[in-house]
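Going by our numbering, the letters in the sequence shown line up with residues 29 to 462, in that order.
Glycine included, every Cβ here is placed at the ideal spot set by N, Cα and C.
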Amino acid sequence: MFHNIYSNGATQNAVDQAIGFQDAIKLMVALSAATAVVTTFIMGTLSDRLNKRKVFISVGYIAWGLITASFGLISRESIASVFHLSDEVHILTATVWTVIVMDCIMTFMGSTSNDSAFNAWVTDITEPQTRPPVETVFSVLPLVAMGLVLVLGSLAQAEKITYKLFFGVLGLVVVACGVIGLFTLEEPERANNRKKSNFGYWSDLFYGFRPSVIVENSRLYLVLVTNCIFAVASQVFFPYIMIYVQYTALPKAGDNLFSAPVIISAVISVAVMAGGIVSLLVLGKKLSRGTLLAVALACSIVGLFLLGFSKSFVAIILSAAPTVVGYAVQGILLNATIRDFTPEDKAGLFQGVRMIFGVLIPMILGPATGALAVERSTLSYKDEYGTLQKVPTELMFTFAAVISLLAIVPLAILIKKKYLNTTNDENEAEKSAV
Numbered sequence: 029m030f031h032n033i034y035s036n037g038a039t040q041n042a043v044d045q046a047i048g049f050q051d052a053i054k055l056m057v058a059l060s061a062a063t064a065v066v067t068t069f070i071m072g073t074l075s076d077r078l079n080k081r082k083v084f085i086s087v088g089y090i091a092w093g094l095i096t097a098s099f100g101l102i103s104r105e106s107i108a109s110v111f112h113l114s115d116e117v118h119i120l121t122a123t124v125w126t127v128i129v130m131d132c133i134m135t136f137m138g139s140t141s142n143d144s145a146f147n148a149w150v151t152d153i154t155e156p157q158t159r160p161p162v163e164t165v166f167s168v169l170p171l172v173a174m175g176l177v178l179v180l181g182s183l184a185q186a187e188k189i190t191y192k193l194f195f196g197v198l199g200l201v202v203v204a205c206g207v208i209g210l211f212t213l214e215e216p217e218r219a220n221n222r223k224k225s226n227f228g229y230w231s232d233l234f235y236g237f238r239p240s241v242i243v244e245n246s247r248l249y250l251v252l253v254t255n256c257i258f259a260v261a262s263q264v265f266f267p268y269i270m271i272y273v274q275y276t277a278l279p280k281a282g283d284n285l286f287s288a289p290v291i292i293s294a295v296i297s298v299a300v301m302a303g304g305i306v307s308l309l310v311l312g313k314k315l316s317r318g319t320l321l322a323v324a325l326a327c328s329i330v331g332l333f334l335l336g337f338s339k340s341f342v343a344i345i346l347s348a349a350p351t352v353v354g355y356a357v358q359g360i361l362l363n364a365t366i367r368d369f370t371p372e373d374k375a376g377l378f379q380g381v382r383m384i385f386g387v388l389i390p391m392i393l394g395p396a397t398g399a400l401a402v403e404r405s406t407l408s409y410k411d412e413y414g415t416l417q418k419v420p421t422e423l424m425f426t427f428a429a430v431i432s433l434l435a436i437v438p439l440a441i442l443i444k445k446k447y448l449n450t451t452n453d454e455n456e457a458e459k460s461a462v
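Written out as structure tokens, the structure is:
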């Protein structure tokens with residue numbers, strides 16, 4: 029959206045005097061993250077107190093989709109008309125701030141419906157033995173959605189379709205999910221058995237920060253810390269990965285991008301990634317979750333260190349395989365474990381805490397650490413506005429690998445205390461016995 033606003037007829041003088049493209053993105057990401065966390069605290073707690081999930085999910089998705097579709101109506105021309113502006117700088121600044129404010133509103137609805145209510149609903153309706161496969165599905169669906177966004181976004185940037193159609197299609201899909209939810213979702217049985225809180229609503233907002241609650245749910249917080257370190261490490265390189273691929277990885281391939289060694293390496297990497305993820309999840313039937321997490325963490329650390337030393341395109345492809353396998357399996361198992369360790373009658377109260385460890389802290393520390401790595405780069409490129417920018421290099425993967433090593437500490441404590449020793453088979457046997 030910002031790319032369209034800045035490139036659609038904005039003069040260089042207006043760009044220079046208005047809020048900058050990169051500054052606008054950084055500000056929007058920061059405000060969006062803060063909005064997501066605050067919203068999840070407020071609405072997650074409210075959904076618990078009202079013993080309702082369906083209305084928050086369905087109505088929230090519908091509103092989320094409508095707001096998403098409305099982004100197609102935002103343009104420099106429409107903002108100038110609404111606010112009666114004529115100065116180019118004022119128009120561009122007002123348009124950027126409109127997008128930022130609308131993004132925060134969209135985030136509020138998305139966090140209300142998905143981050144707080146839907147996540148709590150999934151925790152309510154699933155059991156320990158079903159959560160890994162559920163998390164596997166949840167890890168695949170965002171990739172499908174991202175593919176849809178990339179395809180439509182590419183068509184919009186190439187002016188094959190309008191941005192109004194682009195946002196309209198995305199919004200319609202989200203609205204459809206909300207409408208379907210109105211007729212298919214049911215309140216979980218646990219909602220009827222949920223204990224009423226003895227504290228007021230505002231007191232419940234800070235429930236997850238009470239020392240007694242942290243001590244009582246120490247295993248949950250250990251998993252949250254482990255997941256937080258994992259997320260921080262991923263955010264070190266993820267915000268810069270597209271620039272890295274464009275200016276570092278692909279140039280190293282040169283004219284050999286479609287040569288036999290590169291294609292074979294890519295096929296092998298994809299096969300290793302798919303096979304590794306499936307194999308580890310299948311082994312999860314027999315091995316403890318702690319063992320699987322240790323193997324997955326080792327894969328990601330080794331892969332990141334290899335990426336940090338990869339100088340050729342083939343080496344980059346092959347090094348990415350264990351990294352992706354490790355990250356995928358860690359994400360699936362950690363998210364499933366967080367659901368397992370969340371008190372059944374307080375799923376909504378803990379969604380805000382989960383967001384702090386999984387979103388807010390990683391989005392603050394990760395990109396900042398990645399920026400330190402990028403600043404050490406000796407390579408540069410000119411962006412679309414003629415500004416000289418640093419090119420991310422392999423060093424950011426090394427930084428991420430070092431941070432990942434910190435996850436060994438909380439994971440070791442979890443394994444030592446035998447919090448992660450139960451296998452899926454044992455869970456199923458235990459449930460059958462009951």
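Closest option to Val253, judged by alpha-carbon separation, among Ala58, Ile431, Ala61 and Val57: Ile431. Contact holds between the segment 253-266 and the segment 390-398, because three or more Cβ pairs, one in each stretch, are under 8 Å apart. For Gln157, no alpha helix (DSSP H) encloses it, and the DSSP letter there is neither H nor E. For Tyr447, the three-state secondary structure derived from DSSP is coil. Spatial neighbours of Tyr275 in its own chain (CB-CB distance under 6 Å, excluding positions within 5 residues in sequence) are listed in chain order as Tyr409 and Val419.
Residues Gly72, Thr73, Asp76, Asp232, Tyr235 and Gly236 of the same chain have their beta carbon placed closer than 7 Å to that of Leu377, with the five preceding and five following residues left out of the count. Note on Pro239: under 16 other CB atoms within 10 angstroms of its CB, so exposed under the neighbour-count rule. Taking C-beta separations shorter than 8 Å and ignoring five residues to either side along the sequence, the partners of Arg247 in its chain run Phe369, Leu442, Lys445 and Tyr447, following chain order. As computed with DSSP, Gln417 is found in a beta bridge with Tyr409. For Arg104, the uninterrupted alpha helix (DSSP H) segment begins and ends at Arg104 to Phe111. The beta-carbon separation of Asp131 and Met56, rounded to 5 Å, stays under the 8 Å limit for a contact. Met424 and Gly398 have their C-alpha atoms roughly 6 Å apart. For Ile269 and Ala108, the gap between their C-alpha atoms comes out near 35 Å. In this structure, Arg317 is the residue among Ser347, Ile436, Arg317 and Val264 with its C-alpha nearest to the C-alpha of Leu362. One thing to note: Ile102 has its Cβ within 7 Å of the Cβ of Thr126. About 5 Å separates the beta carbons of Phe265 and Ala428, which is inside the 8 Å limit, making them a contact pair. A Cβ-Cβ contact shorter than 7 Å links Cys327 with Gly354. 7 Å or more divides the Cβ of Thr212 from the Cβ of Thr135. With fewer than 16 other Cβ atoms from the protein chains shown falling within 10 Å of its own Cβ, Ile208 counts as exposed. Per DSSP, the continuous alpha helix (DSSP H) segment holding Ile95 begins and ends at Lys82 to Ser98. Around the beta carbon of Ala204, fewer than 16 other beta carbons sit within 10 angstroms, so the residue counts as exposed. In this structure, the CA atom of Leu198 is about 28 Å from the CA atom of Ile153. Per DSSP, Leu248 is one residue of the alpha helix (DSSP H) stretching across Ser246 to Phe265. In this structure, DSSP gives Ile189 a state outside helix and strand, which the three-state scheme calls coil. Note on Ile242: under 16 other CB atoms within 10 angstroms of its CB, so exposed under the neighbour-count rule. Exclusion of the five residues before and after Met383 leaves Ala64, Val65, Thr68 and Asp143 as the residues of its chain whose Cβ lies within less than 7 Å of its Cβ. Taking Ala435 as the centre and dropping the five residues before and after it, the same chain places the C-beta of Thr254, Ile257, Phe258 and Leu325 closer than 7 Å to its C-beta, in chain order. No residue range can be given for Phe146, since it is assigned to no alpha helix (DSSP H) and is classified by DSSP as neither H nor E.
In the structure shown, Asn363 adopts helical secondary structure according to DSSP, grouped into three states. Taking 7 Å as the cut-off, the Cβ atoms of Gly196 and Ser86 do not count as close. From the listed residues Pro350, Phe337 and Val357, the smallest Cα separation to Leu320 is found for Val357. In the structure shown, Asp76 falls within a helical segment according to DSSP collapsed to helix, strand and coil. A buried status is given to Arg81, since no fewer than 16 other beta-carbon atoms sit within 10 Å of its beta-carbon. With a minimum length of 4 residues, the unbroken runs of alpha helix (DSSP H) contained wholly in the segment 363-390 fall at 379-383. Counting along the chain, Tyr272 sits inside the alpha helix (DSSP H) bounded by residues Ile269 to Tyr272.
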